[in-house]
Each structure stands twice: as C-alpha cells, then as structure tokens.
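Chains as they are written, first to last, in this note's numbering: chain A, 70 to 441; chain B, 599 to 902. Glycine included, every Cβ here is placed at the ideal spot set by N, Cα and C. From a predicted model like this one, the values you see are computed outputs, not experimental measurements. Have a look at the structure below, then the notes.
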Amino acid sequence: MRTIKFLVQKEFLQIFRNKGMLPIIFVMPIIQLLILSNAATFDIRNVTYHLIDKDQSTMSRQLAEKFTGSGYFILKNSSFSYEAGQQDLKSNTVNMVLEIPKFFERDLGNSGKAKVQLTINAEDGNSAGLIQSYSATIISNFAQEITGKNIAPGMTLPNIIQIEHAFWYNPELNYKTYMIPGILVALVTMIGLFLSGMNIVREKEIGTIEQLNVTPIKKHQFIIGKLLPFWVIGLFELAFGLVIGRLVFNLPLTGSFALIFGTAAIYLLVVLGIGLFISTVTDTQQQAMLIAWFFMVIFLLMGGLFTPIDSMPAWAQKVTLFNPVAHYVLMMRSILLKGSGFLDLYGHIVALSVFAVLMLSLAVLRYRKVSD
Amino acid sequence: MNAVTVNDLTKTYGKITAINRLNFTVNKGELFGFIGPDGAGKTTLFRILTTLLLPDGGSANVIGLDAVKDFKKLRPQIGYMPGRFSLYQDLTVQENLAFFATVFGTTIEENYDLIKDIYVQIEPFKNRRAGKLSGGMKQKLALSCALIHKPEILFLDEPTTGVDAVSRQEFWEMLKRLQAKDITIIVSTPYMDEASLCDRVALIQNGNILGIDTPENIVRDFDRPILAVKSSNMYGLLTSLKTFPNVHSVFPFGEFLHYTDRRGKFEPQEITHYLTQLGIQNIETAWTQPTIEDSFMALMEQHA
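This is the structure in structure tokens:
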C-alpha cells in the first residue's frame with residue numbers, strides 16, 4: 070500500500086511540475102467546450118437563398134415572406150432567370166434557389182395545387198437535408214393557411230391529418246445541449262488515452278523503467294500507481310467540464326450524479342486500459358501518440374458524436390457495439406438530457422465493464438518487467 | 599563463495615551475437631571490471647545479470663540465485679546503475695532518493711550510513727531537480743539511489759562515461775570505500791586507465807572475453823619492449839611507422855606512439871633512421887614500461 074501511495078504521489082508531483090501538462094488539464098476542457106460546442110452545431114441558421122419569383126403575385130410574395138420571416142432563411146438575391154440562380158449556387162453566394170413558377174396564384178386558386186421548385190446545394194448532405202425539411206415545413210404551413218382561408222364558413226374541414234411535432238428531452242432542439250455531453254466524452258477519452266499511454270512510454274524513453282524494473286516493485290503496484298492518477302484526473306476533467314457546461318450553456322443535469330461519475334469511473338478504466346496497452350507495445354512517445362490518435366479518430370467518428378449511429382450502414386452499426394465511446398456517448402446523453410437511470414443503461418454498463426476487464430487484463434499481461 | 603558464476607552465457611539479437619558463450623566467476627567482495635569498446639556486449643551482459651533481459655543460452659548465477667528463475671528474490675538484493683542517467687529529472691534529489699527507497703521497501707534513514715559519504719556531497723542540492731544537476735552530481739545521485747536498499751552486489755554500467763577526470767577519480771575512490779563495506783562491485787568501462795583500479799578485469803570484445811586476470815598479471819604478461827616515439831608530425835609518424843617492415847603494432851598513447859617490433863628486441867636507431875629517410879623530423883624516442891592499455895591493445899589485436 071505504501072508503495073502504491075508513493076507511486077501515485079510521485080506521479081502527481083511529476084504531472085504538476087510538467088509545464089505542458091497543466092494547460093492541457095485546465096485549458097483543454099474550456100477550449101473544447103466553448104469552441105467545439107459552438108462550431109459542431111447541426112443547427113442551420115442563416116440559409117441564404119436566391120428567389121426567382123416568376124409569378125409576382127400576392128401569394129408568391131407571401132410565400133417568399135414566410136421563408137424570410139422564419140428566421141432560418143436570408144434573401145440574398147432575386148432574379149427572373151434560372152441561370153442567374155444557378156450562378157449564385159455555383160459561386161456559393163447562396164445555399165438554395167427558390168423558384169415560384171408563373172401562374173402560381175392562379176393554379177392555387179383553381180385547383181388548390183401549385184408547384185414550387187427548390188434547388189439546394191447538397192455538397193453537405195446533412196445540411197441539405199435540414200434545409201429541405203425546414204423548407205417543407207414552411208411550405209406546408211403556408212399551404213394550410215391558404216386552404217384554411219379558402220374554406221367557406223360553415224363547411225367542415227376536409228380530412229387533413231395534422232402532424233404535430235414535439236421534441237422531447239431537448240424541446241428547443243438546442244444542439245449545444247446535445248453536443249456537450251459528447252464533447253465531454255471526447256475530452257475524458259483524450260485525457261485518459263493520451264496521458265496514460267504516453268506516460269509509461271516516457272519512462273521507457275528516459276530509461277527510468279529499467280531502474281523500476283530492477284526493483285522488487287510488483288506489477289500490480291506499478292500499474293495501479295500509473296493508472297490511478299489519470300483516473301482521478303479524468304474524473305476531475307469530467308466534473309470541470311460539467312461545471313462549465315452548466316454555467317455557460319445551461320446544460321440540463323437531469324440524471325443522478327452518482328450514475329454520471331459511476332459510469333465515468335468504469336469508462337475511464339476502459340480508456341486507461343487501452344492507453345496502457347498502447348504503451349506496452351510502443352517504445353517512443355511518437356509511436357504511442359500516433360497509435361492513440363488512430364484509435365481516437367475511429368472511436369470518435371464511429372461513436373455517434375457527430376453523425377448519428379442510426380444512419381450508419383448495418384455492418385458499421387454492429388461495429389459500434391464494440392466501440393466504448395459509442396456506449397459512453399449514448400449513456401452521457403441519456404443521463405444528462407433524459408435522466409435515464411441505472412436500469413435503463415444496464416446493458417451499456419455491462420458492456421463497458423466487460424471492455425474494462427478485457428483491456429486491463431490484456432495490458433497487464435502484455436506489460437513485462439523483463440525483455441527478451 | 600562466488601558472487602557471480604556465469605556458464606556459457608549467450609544472447610543473440612537476430613543474427614547478431616551480443617555475447618557469445620561467456621564463462622567467468624566473480625568473487626565475493628571483489629571489485630571486478632569489464633573493459634571493452636562500445637558494442638562489446640557489456641550492457642547486454644549487465645542486463646542479463648540484473649534480471650532485465652533473458653539469455654538465449656547458458657546460465658548466470660548471482661549471489662547464489664539464478665538470474666532467470668529466481669529473479670524475484672534476486673531483485674531486492676542487487677543495485678543497478680544503468681549507463682544512461684535514468685532517474686526522474688523532474689523530481690528533486692531528495693524525492694528521487696526517497697522514491698527508490700520506498701519502492702525497495704525501505705527508507706533513507708534506515709540505510710543512511712551506506713550512502714552517507716556520497717550523499718553528503720549532493721545534500722546541499724537536495725531540493726534541486728535531478729535534471730539540473732551537473733554530470734558528476736547526477737552520477738553521485740544515481741549511485742546513492744542504486745545503494746539505498748543496501749544491495750549485496752552492485753552493477754555499474756559505464757558509470758564514468760561522460761564524467762570529468764576529477765569526478766571520475768572521486769567516483770573510483772567511492773567505489774573502493776563501498777568495497778570495504780563488503781559489497782561486491784561489478785563495473786564496466788571503456789576507459790582502460792580505470793582497469794588498473796579493479797581487483798580483476800575482464801577484457802571483452804565482440805561478445806567474447808579475451809582475458810581475465812588481475813591488472814598486475816595482465817601487464818606482466820606483456821613481454822615485448824615498447825618504444826615511445828614522438829615527432830612534430832604525429833599523423834605522418836603514425837602512417838610511416840605502420841609501413842616499417844618489422845612493425846608489430848603502433849598505437850597512439852597520450853602524446854606518444856607506442857611501437858612494438860615483430861622481432862621482440864630491436865634497436866631504436868633502426869626506427870629513427872627509417873623515419874628520417876621518410877622525412878619525419880624532430881624524432882624523440884624512449885623505452886617505456888607496458889601499461890594495461892598496451893596489454894589490451896595487444897590482446898585485441900590478437901583476436902581481431
């Protein structure tokens with residue numbers, strides 16, 4: 070016990086003396102949360118569009134006003150030629166061209182049917198989809214208003230099925246509250262993976278590992294002594310990040326703190342296990358860094374942090390079952406936004422625990438005090 | 599009883615044989631030196647003896663324990679100072695020492711007598727970080743750390759490489775004092791002049807031991823007369839001497855060249871005459887006593 074205590078104490082001494090380490094621990098979470106959560110929003114505002122109003126009628130003008138008045142669209146240009154609209158799309162002046170054909174008002178009055186054409190820049194499929202769905206909502210609202218006005222008093226409404234949307238757990242569709250739990254996961258993962266992975270390799274690089282290996286220090290003492298400090302730092306980072314999330318972004322902290330930190334404790338074991346494993350198979354900090362990056366990128370991109378797992382192909386969805394980040398992102402979001410409890414997340418907790426045991430045993434087995 | 603017994607010890611890295619069927623013993627309480635050039639296999643041997651590396655063949659017994667099988671029992675009883683300074687540069691002198699004492703399950707106070715002589719010299723800097731110490735002080739700290747658990751045997755891998763002459767001398771004096779406290783010391787060095795400070799030395803080259811003996815005996819075995827030669831153009835002198843028909847060996851040795859002749863005995867005038875013909879000027883010659891370095895150069899020449 071005394072040995073472990075001393076190892077941990079030595080590790081903390083070194084961490085706090087390292088001039089590069091403190092900024093990483095304290096500045097990284099602030100920057101990540103403040104910048105990334107704003108940048109990584111899926112919310113689309115300020116969609117610029119080019120209006121081709123060939124009808125020039127009251128109704129066509131009303132429709133255009135609906136777009137501009139929605140708050141999502143900005144009228145950038147207007148013309149009477151499709152080519153001019155095309156040109157604006159190509160030069161990235163606008164994201165969308167809205168064309169209202171001739172006789173729009175007349176057709177609407179006569180048959181109740183009319184057409185408008187939307188040309189959306191779909192280089193970024195995600196935002197194109199969003200622009201389309203915003204537009205569809207605006208157009209259908211407009212159509213309903215028109216139909217409502219045209220119905221004579223006394224007559225019953227035709228069988229129009231109205232779809233009411235309600236966004237649960239994030240009623241304002243605030244992407245920040247959605248992103249922050251994910252960014253916190255990224256943060257905890259980075260701290261755990263990089264710091265633990267590089268730390269042991271550093272001892273190899275400066276040669277102190279030889280000195281330690283020749284001591285009667287036990288394998289488990291060494292490993293606990295190495296992992297415990299980063300486990301504590303990881304949990305601290307999470308707490309720190311949650312405070313920033315709460316203060317700056319008004320992050321709803323719906324779930325129980327015990328569950329948040331309980332799951333984080335297990336998750337950090339997984340990450341630290343991976344870091345430790347990397348450090349046992351590498352000889353320099355550069356190697357460790359590159360391998361850690363490789364895993365980090367795959368874990369994050371396949372973790373449902375930026376792109377929903379549901380929209381991945383079936384095989385990829387199966388792969389994410391083995392991705393600890395995917396489990397933990399989902400858990401964090403559920404706990405923070407929905408207030409999910411232990412039983413709701415039981416499966417994920419078991420999965421993470423299995424990963425933790427697996428990774429740590431693998432790393433411990435691989436760590437040798439003798440080289441051959 | 600032997601402190602170290604090594605039989606047919608072999609270690610290869612792929613096709614390269616680092617050490618080749620080594621056999622030697624080190625007596626208890628001895629100050630034993632391994633002398634050899636870089637890449638001779640000294641570090642490999644030390645790493646095997648300190649249980650850090652597994653040999654491919656043969657056996658190594660250190661203080662009655664097998665270096666492979668009994669490594670757990672052996673580790674607490676050996677002190678190892680690797681060639682490269684490998685303490686925590688970001689911890690202070692005192693923190694490093696306390697750390698190594700703790701991982702060996704002891705305290706600084708418990709074994710303070712053993713390191714006292716050495717530690718008092720660095721104590722004024724005990725709150726300085728190890729990385730900020732001078733070379734000689736680092737070495738003293740490393741030695742203190744290797745001794746803090748009172749080992750029975752001490753392995754020092756090139757402890758004086760990169761250390762100034764004064765500190766080197768001090769260091770050897772410290773080793774002598776430690777030896778008086780019944781600690782067996784095995785040391786490796788590329789400096790031949792340090793060999794004469796050991797009780798016995800082994801010359802190691804390309805993974806083979808070329809000879810083991812006391813420094814006195816090694817010098818006594820050298821039977822050729824040596825002529826020290828000097829001139830104003832040392833490089834010309836070296837190349838010219840090598841072309842002399844009866845040359846046996848020529849080595850630079852301080853400000854002189856040491857020349858030995860194939861015939862054993864010879865007249866210095868022959869040499870000066872030959873050199874003058876080749877245009878070498880200001881030639882000085884003098885007979886000189888063989889040193890351990892001459893013996894090693896001769897041994898290495900034989901095995902090359």
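Taking 8 Å as the CB-CB cut-off, is Gln101 (chain A) touching chain B?
The C-beta of Gln101 (chain A) comes no closer than 8 Å to any C-beta of chain B.
At the level of alpha carbons, what is the spacing between Leu345 (chain A) and Gly294 (chain A)?
In a straight line, the C-alpha of Leu345 (chain A) is about 12 Å away from that of Gly294 (chain A).
By the 8 Å beta-carbon criterion, what residues does the segment 656-680 of chain B contribute toward chain A?
For the segment 656-680 of chain B, which is checked against every Cβ of chain A, the residues closer than 8 Å are Phe669, Lys670, Arg673, Pro674, Ile676, Tyr678 and Pro680.
At a CB-CB cut-off below 8 Å, which residues of chain B make contact with Thr72 (chain A)?
Chain B residues near Thr72 (chain A): Thr700, Val701 and Gly703.
If you draw a straight line from the alpha carbon of Ile716 (chain B) to that of Val254 (chain A), how long is it in whole angstroms?
Their backbone Cα atoms lie some 50 Å apart in a straight line.
Taking the CB atoms as reference points, tell me whether Leu262 (chain A) and Ile343 (chain A) lie closer together than 8 Å.
With respect to Ile343 (chain A), Leu262 (chain A) sits close: the two C-beta atoms are nearer than 8 Å.
Answer yes or no: does any C-beta atom of chain A fall closer than 8 Å to that of Glu899 (chain B)?
With 8 Å as the cut-off, Glu899 (chain B) does not count as an interface residue toward chain A.
Report yes if the C-beta distance between Met358 (chain A) and Leu256 (chain A) is below 8 Å; otherwise report no.
Their beta carbons are not under 8 Å apart, which means Met358 (chain A) does not touch Leu256 (chain A) by this criterion.
Can you find a CB in chain B that lies within less than 8 Å of the CB of Ile276 (chain A)?
It is Gly, not Ile, that sits at residue 276 (chain A) in the sequence shown. Closer than 8 Å: yes.
With H, G and I counted as helix, E and B as strand and the rest as coil, what does DSSP make of Val163 (chain A)?
Reduced to three states, the DSSP call for Val163 (chain A) is coil.
Given a cut-off of 8 Å on the beta-carbon distance, is the pair Ile200 (chain A) and Ile189 (chain A) in contact?
In terms of Cβ geometry, Ile200 (chain A) and Ile189 (chain A) form a close pair [threshold 8 Å].
Helix, strand or coil for Leu650 (chain B), going by three-state DSSP, please let me know.
Looking at Leu650 (chain B) - three-state DSSP - the assignment turns out to be coil, as it is neither helix nor strand.
Look up Asn228 (chain A) in the DSSP assignment and say whether it is helix, strand or coil.
For Asn228 (chain A), the predicted model reports a pLDDT of 44, less than 50, meaning its position is unreliable and no value from the coordinates is stated.
Taking only beta-carbon positions, decide if Phe75 (chain A) is within less than 8 Å of chain B.
With its beta carbon less than 8 Å from one in chain B, Phe75 (chain A) belongs to the interface.
Going by Cα to Cα distance, which pick from A:Val340, A:Ala197 and A:Asp413 is closest to Met165 (chain A)?
Taking only the C-alpha atoms, the option nearest Met165 (chain A) is A:Ala197.
Excluding the five sequence neighbours on either side, which residues of its own chain have a C-beta within less than 7 Å of the C-beta of Asn605 (chain B), listed in chain order?
Within the same chain, Asn605 (chain B) has close Cβ partners Asn621, Gly656 and Ser657.
Within 8 Å, strictly: CB atoms of Phe136 (chain A) and Tyr118 (chain A)
Remark: C-beta atoms of Phe136 (chain A) and Tyr118 (chain A) approach each other more closely than 8 Å.
Helix, strand or coil at Met679 (chain B) according to DSSP, with G and I counted as helix
Shown here, Met679 (chain B) sits in a strand according to DSSP, grouped into three states.
The beta strand (DSSP E) that contains Leu808 (chain B), what's its start and end?
Leu808 (chain B) -> beta strand (DSSP E) spans Asn806 to Asp811.
Check whether the Cβ atoms of Val785 (chain B) and Ile890 (chain B) sit closer than 8 Å, and answer yes or no.
Cβ distance not < 8 Å, so Val785 (chain B) and Ile890 (chain B) don't count as in contact.
Run the CB neighbour count on Glu174 (chain A), radius 10 Å, all protein chains shown included, and call it buried at 16 or more, exposed below.
Buried, since its Cβ has 16 or more Cβ neighbours within 10 Å.
Quick check on Arg822 (chain B): does DSSP put it in helix, strand or coil?
The answer is coil: DSSP assigns Arg822 (chain B) none of H, G, I, E or B.
Proximal residues of chain D, C-beta to C-beta of Phe697 (chain B) below 8 Å:
The question asks about chain D, but that chain is absent: this structure's protein chains are A and B.
Same chain, Cβ closer than 6 Å to Asp654 (chain B), five either side skipped, listed in chain order
Excluding residues within five positions, the ones whose Cβ falls inside 6 Å are Thr608, Lys609 and Thr610.
One question on the structure: do Gly627 (chain B) and Gln777 (chain B) come within less than 8 Å of each other, judged by their Cβ atoms?
Cβ distance < 8 Å, so Gly627 (chain B) and Gln777 (chain B) count as in contact.
Which one of B:Gly634, B:Ile617 and B:Leu897 has the shortest CA to CA distance from Glu756 (chain B)?
Ranked by Cα distance from Glu756 (chain B), the options B:Gly634, B:Ile617 and B:Leu897 are led by B:Gly634.
Tell me the residue span of the beta strand (DSSP E) that contains Lys145 (chain A).
Where Lys145 (chain A) is concerned, the enclosing beta strand (DSSP E) stretches over Phe142 to Ser148.
For Thr870 (chain B), collect the residues of the same chain with a Cβ closer than 7 Å to its Cβ; drop the 5 residues on either side in sequence, then sort them by chain order.
So the list reads Ile881 and Thr883, once near-sequence residues are dropped.
What residues from the segment 281-315 of chain A come within 8 Å of chain B, judged by C-beta to C-beta, listed N to C?
Of all residues in the segment 281-315 of chain A, only Leu281, Asn282, Val283, Thr284, Pro285 and Ile286 place a beta-carbon less than 8 Å from a beta-carbon of chain B.
Between which residues of its own chain and Gly154 (chain A) is the CB-CB distance below 6 Å, once the five residues before and five after are set aside?
Excluding sequence neighbours, Gly154 (chain A) sits near His119, Ile121 and Val166.
In terms of DSSP beta bridges, what is Asp176 (chain A) paired with?
For Asp176 (chain A), which the question treats as bridged, DSSP gives no partner whatsoever.
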